[in-house]
Amino acid sequence: MLEHDPGSQHWNLLIKRVRLQDAGVYECQVSSKLRHLRHHVLLEVHAIQISGSAAVDKDDRIYLICNATGLEYPPEDLDWFFEGIKLATNADEKRIGQDVWKETSWSEAQFKCEKFVSLTDKTIVSILEIRDAQLDHSGIYTCRTSNLLVKSTQVTVLSGEFRS
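Heads up, the sequence shown is in our numbering, so the first residue is 40 and it goes up one at a time.
Have a look at this one:
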């Protein structure tokens, strides 16, 4: 969609619901009797999504997957946050394929984080697993890539108790 304010010399190209396929070089051309101007703009589109547990029973497992894709390369890293606080881990990294790396992190706080990086697919995937979910594990979980793509999801831990 082309956007123009009648009293202005500014024109904007507005792309609603941007997809990965929209990435590329866009050219703006302005012609007049005196000259012809061209301006190129590179649009980079990055994708990030979270899937997994929206609600779990107390003592069950919370399982969240964050998948981020880059255009030329995968994002360098991905971190998890709970209620805005970064979840700290100790990492052990190893190569598991020609262009796939796996990093497993453990925390004393009963959670495990695994990351898989694929150069071919240009993706980084991180799996956050929390064993024995407690009521105070309810809240907003966020994954953020090194190039600042951010996605959040709400997780609710249900008590399973009945009120009389």
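Just so it is clear, CB atoms sit at the ideal spot from N, CA and C, and this is done for glycine as well.
Spatial neighbours of residue 102 in its chain, beta-carbon cut-off 6 Å, leaving aside the 5 residues before and after: Cβ neighbours of residue 102 beyond the five flanking positions: 91, 92 and 168.
Which runs of the beta strand (DSSP E) at least 3 residues long sit entirely within the segment 69–116? Give them in chain order. Counting whole runs of 3 or more residues, the segment 69–116 contains the beta strand (DSSP E) stretches 75–82, 86–91, 94–96 and 101–108.
DSSP has residue 186 in a bridge; who is on the other side? Residue pairing by DSSP places residue 186 in no beta bridge whatsoever.
For residue 62 versus residue 82, is the C-beta spacing smaller than 8 Å? Taking the C-beta atoms as reference points, residue 82 is found nearer than 8 Å to residue 62.
Nearest-angstrom Cα separation, counted from residue 73 out to residue 51: When rounded, the distance between both Cα atoms is 23 Å.
Local Cβ density within 10 Å of residue 125, reported as buried at 16 or more and exposed below that: Taking every protein chain shown into account, the CB of residue 125 has fewer than 16 other CB atoms within 10 angstroms, so this residue is exposed.
Using 8 Å as the threshold, is the C-beta distance between residue 113 and residue 187 below it? It is not a contact, given that the beta carbons lie outside the stated cut-off.
The beta strand (DSSP E) that contains residue 162, what's its start and end? 162–169 is the extent of the beta strand (DSSP E) around residue 162.
Suppose you measure from the CA of residue 122 to the CA of residue 178; what does that come to, to the nearest Å? So the two alpha carbons sit approximately 6 Å from each other.
Can you tell me whether residue 197 is helix, strand or coil according to DSSP? Note: residue 197 maps to strand in three-state DSSP.
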